[in-house]
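In what follows, a single structure is set out as structure tokens and then discussed.
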Amino acid sequence: MHAVVITVYVADPHDEMGRKNLRENVAPGVARAPGFVAGYWLEPTAGNEALSVVLFETEDFAKAGLDMAKEMFAGSEPPPGVRLKTAEVRAVAANA
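Residue numbers (numbering that gives the first Met the number 0): 0 to 95.
Pasting the structure below:
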């Protein structure tokens, strides 16, 4: 199993429209990706950094998921008030 780990900067961590977009569009869209296992989007820290961890069955599926995420932020309509900081694929060492 492999994970896509993404850190973003969120301009306004209390933005309800942004949270709604995450719940109603982003998360369901990611869940439809091939090889998707599970996804977790964590609350921003005091420094407005939010983290997501999305698990995929294989490294190839995770790399495709990473490409999808990068395209979302580089596209003509990136999520408003959210800036991509880091994005990487990592092998899962253990799970419970």
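Backbone N, C-alpha and C define an ideal beta-carbon position, used for all residues, glycine too.
The three-state reading of DSSP puts V88 in strand, counting E and B together. For the segment 42 to 91, the continuous alpha helix (DSSP H) assignments of 4+ residues that do not extend past its boundaries occur at 58 to 73, in sequence order. By the beta-carbon neighbour count (other beta carbons within 10 angstroms, threshold 16), G38 is buried.
Judged by pairs of C-beta atoms under 8 Å, the segment 9 to 16 touches the segment 68 to 82, as three or more such pairs exist.
If you look at A30, you'll find it in the alpha helix (DSSP H) that goes A26 to A30.
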